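Written below as structure tokens is the structure these notes are about.
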Amino acid sequence: MLEVAEPRAVAGRAPDVFREGKWVPMRTYDDNEEVDFAIVGTGAGGGTLACKLAEAGFSVIAFDAGPFWRPLEDFVSDERDQGGLYWTDERITGGADPIELGSNNSGRGVGGSTVHYTMIALRWRPEWFQCRSKLGYGRDWPISFDELEPFYEEAEEALKISGPISYPWSRRRKRYPYRAHPVNAAGLVLARGCEAIGVQWSPLPLATLSAPRGMAHPCVYRGFCAYGCSTNAKQSVLVTFIPRALNAGAEVRDLAMVGKIEMGKDGKATGLTYHRGGAWRRQKAKHVVVAGYAIETPRLLLNSKCDQFRDGLANENGLVGTHLMTHSGPGVWGIMDEEVRCYKAPPCMAVTEHWNYDDSDKKDFRGGYAFMSQGPLPVGWAEAQAINRGMWGMKLRQEMTRYNHVAGLRIVGETEPQRHNRVEVADEKDQYGLPIPRVTFSYSENDRRLIEHSKGSMRAVLEGAGAKELWTDHDTSHLMGGCRMGDDPDDSVVDRDGRSWSIPNLWVCDGSLFPTSGGVNPSLTIQALACRMGDRISGMAKRGEL
Amino acid sequence: MLAPRQPEPSHRPLIAVAAATVATATGLGWLLQRAWNPKGDVNHRAAQALGAGAAILCISVALDSAIEHYRGQFKDRAMFVGPTMALLGLGAATYIAFRPEHANDRLPKIALFTVGATGLIGLAFHSYNILKRPGELSALNLFYGAPAGAPAALTLAGLYGVIAGEMLSGRDNVSTRLPKHTAALIAFSLMGTVAEAGFLHFRGAFQDPAMYAPVTIPPLAALSIGAAALTPRAAAFAEPLLKATAVLGIAGPIFHAYGIHRNMGGWHNWTQMILQGPPLPAPPAFLGIAAAGLGILPALQEAGE
Ligand SMILES: Cc1cc2nc3c(=O)[nH]c(=O)nc-3n(C[C@H](O)[C@H](O)[C@H](O)COP(=O)(O)OP(=O)(O)OC[C@H]3O[C@@H](n4cnc5c(N)ncnc54)[C@H](O)[C@@H]3O)c2cc1C
Ligand code: SF4
């Protein structure tokens, strides 16, 4: 199994992700040196923010519980071996619809989940930021699309998103930095199906290169994206914002698990306690940013409880960990007459957002969903047939002979924020002696109606494309919420800038900020929020408001 | 308030490669020009250059279509037609280039006429292939579907060959209208090739500034030779610009070789990257057209006088 035992970013240098065996210089700080920002997590939120803050001249240390990968050397085209990319520490999951945790929703390592994400880079539907006032459901965000738009643009530019010349949904936009990739056969099944039933489709904007960029190679369409990209075509945080952050003087501490945020008598954070190299250590910091994603962020805030903050940090109103959301992900699959070889190229290459933008009465649910073409790899596919369809032995072997003809669709389905869907901490402890998280999740009635509706749409599209013997399965994907942002201190954990209402030098910057989940993949929005936060914090520093 | 833009990866390697490539290509161009030994009157010389231009276009198409159709596994038998016809055109056009006095013979003329006509059929085929894909006439299908440029280049090669013969036919219009029409055709050929290169470089997001070269110099050359068709005095501008275009045609494959190097595995993985990287044989089309253009200039000037 892919594993790195010892920290690599030590002694003033960090791995050079673009050159085998080479290093880049890295500024290092002493534990007792009070840095401006200590950031917990280096994923879509934390890694992006570390770069922005370092480039703005702040002293920054970014901690990650996982290793500092060298994609060109560490990553291999082996589904099993790449399992080391996921956060697989013990967690308890429950509720009426327990979420499966691990490969499909949490990464562990410098770059966070973006190291093995599928690179779909979509903007939010503009109205979703005011979905309560404009669409009549969910909650309003404290910021608008207009406020975030320049930062979407900044994130897209930083990741050189390869996208279509014109994307049929959302607002008119600046052209994507790179051109769209050729759509694979699985994507063309979606395209043909959509054209058959008269809904729009589009090639997906993806965070993988369609042309060279510096030392990064363009995509070779091998399709191992969800298992770590070994060409650096994937514009993960590990190969984009992290090298920039290092260049700007940030320190990255890999294999450094943060266990607690330290609080001073004045009610402000003073730094954090982390486990690295077999020992617990303390880092002093003027500000602490938590960016561990929707489970680990609430967990760390809850585990940092102390005499002053008995219910955990930033938790006066009891909202930390609540309103956790996932994206529902039913899939519909079928067999095509022709060979599809859906595993070729990035797994998702075509999309329809039709039902995200359809406000007609034809929908019997609130919210939206998008669906994408799918490209499962062989081991994962065999596993899914065994688990979801009870196939085994000869039956499974026979089914696998049809693998080249399989085509499928899966939604990213909005779920409602519900208070009882939440992250808490349990009595059990993990390998560091820290209480493990307990995750509870149940769909609402509306969520279930959305799921049923989407199955009908996906069936229609697949049938329109000529697929036969359709079947469905169910999965979930991204996590969102748990420390939602808002304008009302009684009704949110942090303000519109990710700053905790009660502890002025404690911030959150990751997917847990989301008040609602929307019907598209979240990372571009997380990165736009992080870019915005970086600018806001620089502005506050200049005005003396930090 | 936006922060300073992201520092891009260093452009230094790109600048070094561009300088070395342009120097090499200019040197090669100079050697080629010295080796070029046109004979006879302006019409003979024009015929010879048109033959050479057609031959270069045919090499470019033969290699390009062979590689691309190989990538398509020659799934359809018709995919053998393009490379075969390009080879036939290459033979006939080379013959004309070396023996311009035979340019008006039946055999080479028929061969090149057939090659040109096949180019048109290929163009129709490729267009049909694009239109039957989901999305029909979308940018995506134009980016990645069957290219219009390659079969069109075959047609041009055929036309150049046929015109070479006409130049020696002794007909009245040879000394008057034909050179002007040919100059116009060359301007059109250049613009078509510019459109193709520009479109594909746009697909590559102009990630290397050198990718702008084929959309800046050849259009000027096209303009000047187009102007020369109207007023022969413009030929003075056309010559250096056509020469610069020819140099680009030589520099192109070197740039593209570097582009292949920048793909995963680079030249160590050439069997894959020659298919996935920028096309090596495409840019010499500029050399072919420029050569034909340079060859027609003296006849054009004489026609003007
Ligand atoms: C298989 C898969 C496919 C996906 N595909 C897409 C997609 O196509 N498009 C899209 O938009 N989104 C996609 N996502 C979701 C996206 O990757 C996440 O939403 C996003 O990365 C979350 O960002 P984050 O900053 O909140 O957390 P992460 O990126 O997960 O980063 C959190 C980091 O914090 C570290 N950490 C956590 N706790 C601690 C601690 N206590 N101490 C130290 N470090 C800690 C973790 O190790 C991790 O590296 C996908 C996710 C997965 C798993
Ligand atoms: S398909 Fe492209 S993005 Fe995915 S792993 Fe391969 S090279 Fe990387």
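Keeping their order, the protein sequence lines are chains W and X.
Under the numbering used here, the first residue of the first sequence is numbered 794, with each subsequent residue one higher.
Under the numbering used here, the first residue of the second sequence is numbered 212, with each subsequent residue one higher.
Don't be surprised by glycine CBs; every beta carbon is placed ideally from N, CA and C.
Note that the coordinates shown come from a computational prediction; the quantities given were computed from them, not determined experimentally.
Comparing alpha-carbon positions, which option in W:Pro-1230, W:Gly-1042 and W:Glu-1209 lies nearest W:Gly-805? In the first sequence, counting from the first residue as 1, residue 805 of chain W sits at position 12. With distances taken between Cα atoms, W:Gly-805 lies closest to W:Gly-1042.
Same chain, Cβ closer than 6 angstroms to W:Leu-941, five either side skipped, listed in chain order: By 1-based counting over the first sequence, the position of residue 941 of chain W is 148. Counting only Cβ-Cβ distances below 6 angstroms, and skipping sequence neighbours, we find Ala-1321.
Interface partners of W:His-1080 on chain X, CB under 9 angstroms: Here residue 1080 of chain W refers to the residue found at position 287 when the first sequence is read from its first residue. Chain X residues near W:His-1080: none, gap ~18 angstroms exceeds 9 angstroms.
Going by DSSP, name the residue or residues bridged to X:Ile-465. Start at 1 with the first residue of the second sequence, and residue 465 of chain X comes out as number 254. Partner(s): none; X:Ile-465 has no beta bridge.
Closer than 7 angstroms to chain X by CB, W:Val-1013: Walking along the first sequence from the start, residue 1013 of chain W turns up at place 220. Judged by the 7 angstroms Cβ criterion, W:Val-1013 is in contact with chain X.
So for W:Trp-1148, helix, strand or coil by DSSP? The sequence position of residue 1148 of chain W within the first sequence is 355, counting from 1. Helix.
Kindly examine ligand 1 and report whether one of its heavy atoms sits closer than 6 angstroms to the Cβ of W:Asp-939. The count along the first sequence starts at 1 and reaches residue 939 of chain W at position 146. Incorrect: W:Asp-939 has no Cβ contact closer than 6 angstroms to ligand 1.
For W:Lys-1261, which residues from the same chain have a beta carbon less than 7 angstroms from its beta carbon, with the 5 sequence-adjacent residues on both sides left out? Counting from one through the first sequence, the residue named residue 1261 of chain W turns up at place 468. If we look at W:Lys-1261 and ignore the five residues flanking it on each side, its Cβ neighbours are Gly-1127 and Ile-1128.
X:Phe-410: contacting residues in chain W (beta-carbon distance under 8 angstroms): By 1-based counting over the second sequence, the position of residue 410 of chain X is 199. None at all; the shortest Cβ gap to chain W is about 10 angstroms.
Between the segment 874-888 of chain W and the segment 996-1007 of chain W, are three or more C-beta pairs nearer than 8 angstroms? no
Have a look at X:Ile-341, X:Pro-345, X:Ala-375 and X:Gly-369 and flag the residue whose alpha-carbon is nearest the alpha-carbon of X:Ala-359. As a first step, residue 359 of chain X must be located in the second sequence, where it is residue number 148. It is X:Ile-341.
Using DSSP with H/G/I as helix, E/B as strand and the rest coil, what is X:Met-296? The sequence position of residue 296 of chain X within the second sequence is 85, counting from 1. Helix at X:Met-296.
Within 7 angstroms of any Cβ in chain X, is that where the Cβ of W:His-1198 sits? Translated into positions along the first sequence, residue 1198 of chain W becomes position 405. Closer than 7 angstroms: no.
Contact list for the segment 345-369 of chain X against chain W, Cβ threshold 8 angstroms: Pro-345, Gly-346, Ala-350, Leu-351, Phe-354 and Tyr-355
Hey, how far is the Cα of X:Ala-304 from the Cα of X:Tyr-469? As a working mapping, residue 304 of chain X is identified with position 93 in the second sequence. As a working mapping, residue 469 of chain X is identified with position 258 in the second sequence. Whole-angstrom Cα-Cα distance: 30 angstroms.
Report yes or no: is there a C-beta of chain X within less than 7 angstroms of the C-beta of W:Tyr-1136? On the first sequence, residue 1136 of chain W is found 343 positions in, with the first residue counted as 1. For W:Tyr-1136, the answer is no, since every Cβ of chain X falls outside 7 angstroms of its Cβ.
So who's on the other strand from X:Pro-390, going by DSSP bridges? Residue 390 of chain X sits at position 179 when you count from the first residue of the second sequence. DSSP lists no partner for X:Pro-390.
Closer than 6 angstroms to ligand 2: residues, by C-beta to nearest heavy atom, in chain order: W:Thr-1001, W:Cys-1012, W:Val-1013, W:Tyr-1014, W:Arg-1015, W:Gly-1016, W:Phe-1017, W:Cys-1018, W:Cys-1022, W:Thr-1024, W:Ala-1026, W:Lys-1027, W:Ala-1138 and W:Pro-1139
Give the secondary structure of W:Ala-1009 by DSSP, where H, G and I count as helix, E and B as strand, and everything else as coil. For the purposes of this step, residue 1009 of chain W is identified with residue 216 of the first sequence, where counting begins at 1. Of the three classes helix, strand and coil, the one that applies to W:Ala-1009 here is strand, per DSSP.
Specify, as a first and last residue, the run of the beta strand (DSSP E) that W:Glu-1217 falls within. To locate residue 1217 of chain W, count along the first sequence from 1; it is residue 424. Residues 1215-1222.
So what does DSSP say about X:Thr-404, is it helix, strand or coil? Position 193 of the second sequence, counted from the first residue, corresponds to residue 404 of chain X. Looking at X:Thr-404 - three-state DSSP - the assignment turns out to be helix.
Chain W contact residues for X:Met-475, given Cβ-Cβ distances below 7 angstroms: Working through the second sequence from its first residue, we reach residue 475 of chain X at position 264. In chain order: His-1010, Val-1013 and Thr-1024.
Counting contacts by CB-CB distance shorter than 7 angstroms, is X:Gln-418 in contact with chain W? The residue you call residue 418 of chain X lines up with position 207 of the second sequence. Taking Cβ atoms only, chain W reaches closer than 7 angstroms to X:Gln-418, which makes this a yes.
In whole angstroms, what is the alpha-carbon distance linking W:Phe-1133 and W:Leu-981? For the purposes of this step, residue 1133 of chain W is taken as residue 340 along the first sequence, with counting starting at 1. For the purposes of this step, residue 981 of chain W is taken as residue 188 along the first sequence, with counting starting at 1. Looking at the sequence provided, one finds Val at residue 1133 of chain W rather than Phe. Approximately 9 angstroms between the Cα atoms of the pair.
Own chain residues within Cβ distance below 6 angstroms of W:Val-797, not counting five before or after: Numbered from its first residue, the first sequence carries residue 797 of chain W at position 4. Counting only Cβ-Cβ distances below 6 angstroms, and skipping sequence neighbours, we find Pro-860.
Under 7 angstroms between C-beta atoms, does W:Pro-1282 make it to chain X? The residue labelled residue 1282 of chain W in the question sits at position 489 within the first sequence. No, its Cβ sits nowhere closer than 7 angstroms to a Cβ of chain X.
Which chain W residues sit within Cβ distance under 8 angstroms of X:Pro-429? Here residue 429 of chain X refers to the residue found at position 218 when the second sequence is read from its first residue. Neighbours of X:Pro-429 on chain W: none; closest Cβ ~21 angstroms, over 8 angstroms.
Measure the C-alpha to C-alpha separation of X:Ala-421 and W:Tyr-1067 and round it to an integer number of angstroms. As a first step, residue 421 of chain X is located in the second sequence; it is residue number 210 there, counting from the start. As a first step, residue 1067 of chain W is located in the first sequence; it is residue number 274 there, counting from the start. Cα to Cα, X:Ala-421 sits roughly 49 angstroms from W:Tyr-1067.
According to DSSP, which residues form a beta bridge with W:Leu-1272? Taking the first sequence and counting its residues from 1, one reaches residue 1272 of chain W at position 479. In DSSP, W:Leu-1272 forms a bridge with W:Thr-1119.
Who are the neighbours of W:Pro-975 on chain X, taking C-beta pairs under 8 angstroms? What you label residue 975 of chain W is simply residue 182 of the first sequence in a count that begins at 1. Within chain X, the residues near W:Pro-975 are Leu-351, Phe-354 and Tyr-355.
Could you spell out where the alpha helix (DSSP H) holding W:Arg-1252 opens and where it closes? Against the first sequence, residue 1252 of chain W aligns to sequence position 459. Note, W:Arg-1252: alpha helix (DSSP H), 1238-1257.
Proximal chain W residues relative to X:Pro-220, where beta-carbon distance stays under 7 angstroms: Stepping through the second sequence from its first residue, residue 220 of chain X is reached at position 9. Those are Arg-1006, Gly-1007 and Met-1008, listed as they occur along chain W.
Taking a contact to mean a Cβ-Cβ separation below 7 angstroms, would you say W:Val-1113 touches W:Leu-1094 in this structure? For the purposes of this step, residue 1113 of chain W is taken as residue 320 along the first sequence, with counting starting at 1. For the purposes of this step, residue 1094 of chain W is taken as residue 301 along the first sequence, with counting starting at 1. Against a cut-off of 7 angstroms, the Cβ pair of W:Leu-1094 and W:Val-1113 comes out as a contact.
Are there any heavy atoms of ligand 1 lying less than 6 angstroms away from the beta-carbon of W:Thr-911, as far as the coordinates show? Translated into positions along the first sequence, residue 911 of chain W becomes position 118. Answer for W:Thr-911: yes, Cβ within range of ligand 1.
Can you tell me which of the three DSSP states W:Gly-900 falls into? Position 107 of the first sequence holds residue 900 of chain W. Three-state result, W:Gly-900: strand.
Taking 7 angstroms as the threshold (beta carbon to beta carbon), is W:Pro-1171 in contact with chain X? Counted from its first residue, the first sequence places residue 1171 of chain W at position 378. It does not; no Cβ of chain X falls within 7 angstroms.
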